[in-house]
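Below is one structure, written out as structure tokens; comments come after it.
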Amino acid sequence: MTDNMPRAKVSKIAQEFFVSLLLRAKEFKTEQTKYAFLNKILKHFDDTKQLKGIIYCSSVRQTDDLAKSLKEIGFPVSKCHARMKQLDRKRSQSHFLKSHSGVMVATAALGLDINRPDVQFIINYQIPDSLESYSLEIK
Numbered sequence: 383m384t385d386n387m388p389r390a391k392v393s394k395i396a397q398e399f400f401v402s403l404l405l406r407a408k409e410f411k412t413e414q415t416k417y418a419f420l421n422k423i424l425k426h427f428d429d430t431k432q433l434k435g436i437i438y439c440s441s442v443r444q445t446d447d448l449a450k451s452l453k454e455i456g457f458p459v460s461k462c463h464a465r466m467k468q469l470d471r472k473r474s475q476s477h478f479l480k481s482h483s484g485v486m487v488a489t490a491a492l493g494l495d496i497n498r499p500d501v502q503f504i505i506n507y508q509i510p511d512s513l514e515s516y517s518l519e520i521k
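Take any residue in the sequence shown, count from 1 to its spot, add 382: that is its number in our numbering.
In structure tokens:
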């Protein structure tokens, strides 16, 4: 795409060829506003019947807390992290992979084992600790 292309043409080309990837960063002043924004995003995907996604957290505690909070407000949530028993992790992953809709909240290391072809979104709830970590998470 070149700078001299009309903006409408770039949008049409982007819609036709590049709809599978959207990278966006947003800064939040408080944890509450970040959580409210996440809730809004999940509600949108739920309303469009496309609630199939992964939310990466940087710690086990954040994974547990976020999964619990989302489950309490009614979202179908699974979680995955290293402190879970292997059988519980396998059940959680299996449930996520077989369900019609849902969200997997995971630490990056264990979330990489999840291979679901119809994932609609990947959200990094915290900033990954390196560019390498980030590139692995969005693949």
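Just so it is clear, CB atoms sit at the ideal spot from N, CA and C, and this is done for glycine as well. Fair warning: this is a prediction, and the values are worked out from it, not measured in the lab.
Consult DSSP for Ala464 and reduce its assignment to one of helix, strand or coil. coil
Per DSSP, which residues does Ala488 bridge with? Please list them. Tyr438, Cys462
Between the Cα of Leu405 and the Cα atoms of Asn506, Asp511, Ser512, which residue gives the shortest distance? Asn506
Comparing alpha-carbon positions, which option in Gly484, Thr412, His463 lies nearest Gly435? Gly484
Taking the C-alpha atoms as reference points, what is the distance between Asn421 and Thr412? 14 Å
Need the endpoints of the alpha helix (DSSP H) that Asn497 sits in, please. It is not in any alpha helix (DSSP H) - Asn497 carries neither H nor E in the DSSP assignment.
Check Ile455 in the structure and name its three-state DSSP category. When secondary structure is reduced to three states using DSSP, Ile455 falls in the coil class, being assigned neither helix nor strand.
Excluding five sequence neighbours on each side, which residues of the same chain lie with their C-beta closer than 7 Å to the C-beta of Phe503? Phe427, Gly435
Ser512 versus Gln475 - alpha carbon distance: 25 Å
Boundaries (first-last residue) of the beta strand (DSSP E) holding Ile505: 503-506
For Leu479 and Arg465, believed in contact at Cβ under 8 Å, the rounded distance: Not a contact, Cβ separation roughly 21 Å.
By alpha-carbon positions, which one of Phe419, Phe410, Gln432, Thr445 ends up nearest to Ser481? Gln432
Contact belief for Lys461 with Asp446 at Cβ below 8 Å, rounded distance in angstroms: 7 Å
Backbone secondary structure at Thr373 - three-state DSSP: Examination of residue 373 is not possible in this model, given that the chain is present from 383 through 521 alone.
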